[in-house]
Amino acid sequence: MPSTLRDRVSASRLAVFLALAAVLAALVGPANEPLTVEFVAMAVVVLGIFAASVFDAVREHPLYELASAVHTAVVFVLLYVALYEGVFLLALAGLAAVGVGVELYNLRHGTSYLRFGGREAR
């Protein structure tokens with residue numbers, strides 16, 4: 015049975031992605047200041063993971079959880095670099111790095127440690 019686009023795409027995730035893209039466009043459009051490298055990098059990373067997660071095949075891939083953890087760590091590091099302050103952001107970046115380590119362990123050993131419900135280990 016051939017699959018249709020509707021069967022392969024999450025409508026709710028697509029709506030969230032489009033709303034996020036619209037908010038980003040609304041923030042960038044009227045800005046009088048030039049965009050910083052950190053802002054552009056963060057926008058690309060965030061929009062990239064949201065765009066990819068629209069597709070069921072991406073979310074079902076074994077590396078998705080690891081990619082999500084890496085995404086979170088990169089976002090917190092970019093926030094810390096962009097704001098040049100905040101021990102709280104640095105702590106969140108450190109915790110996200112621990113999350114990357116946990117996801118690497120989970121991928122290697124087929125476990126699902128420190129995950130909140132949902133998907134089981136593959």
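When you line the sequence shown up against this note's numbering, it's residues 15 to 136, in that order.
Cβ coordinates follow ideal geometry from the N, Cα and C atoms, glycine included.
Sequence-distant residues of the same chain with beta carbon closer than 6 Å to residue i, five excluded per side
{"i": "V117", "result": "It is Glu, not Val, that sits at residue 117 in the sequence shown. Contacts found: E79, L80 and A83."}
{"i": "V114", "result": "A83, V84 and A87"}
Buried versus exposed call for residue i [16 or more other C-beta atoms within 10 Å across all chains shown]
{"i": "F90", "result": "buried"}
{"i": "F102", "result": "exposed"}
{"i": "S67", "result": "buried"}
{"i": "T18", "result": "exposed"}
{"i": "R20", "result": "exposed"}
{"i": "T50", "result": "exposed"}
{"i": "Y94", "result": "buried"}
{"i": "A107", "result": "buried"}
{"i": "A110", "result": "buried"}
Contacts around residue i, its chain only, beta-carbon distance under 8 Å, and the 5 residues preceding and following it disregarded
{"i": "L34", "result": "V60, L61 and F64"}
{"i": "V127", "result": "According to the sequence as given, residue 127 is Tyr; it is not Val. Correct list, in chain order: V116, Y119 and N120."}
{"i": "V30", "result": "F64"}
{"i": "R27", "result": "F64, S67 and V68"}
Simplified DSSP assignment, three categories, for residue i
{"i": "F130", "result": "coil"}
{"i": "V23", "result": "strand"}
Rounded separation between residue i and residue j - CA only
{"i": "F69", "j": "R122", "result": "24 Å"}
{"i": "A57", "j": "G124", "result": "32 Å"}
{"i": "A13", "j": "S24", "result": "No statement about residue 13 is possible, as the shown extent of the chain runs from 15 to 136 and does not include it."}
{"i": "P16", "j": "R129", "result": "Confidence is the limiting factor: at P16 the pLDDT is only 49, short of 50, which leaves the residue's position unreliable, though a coordinate-based value still follows. Approximately 33 Å between the Cα atoms of the pair."}
{"i": "L8", "j": "A36", "result": "What is shown of the chain runs 15 to 136, which leaves residue 8 out entirely."}
Beta-carbon proximity list for residue i, same chain, < 7 Å, skipping 5 on both sides
{"i": "A55", "result": "L92"}
Legend entry - 4 or more residues per run - each alpha helix (DSSP H) lying fully within the region 72-132: Annotation note: the region 72-132 contains the following uninterrupted alpha helix (DSSP H) runs of length 4 or greater, listed N- to C-terminal: 78-97 and 101-123.
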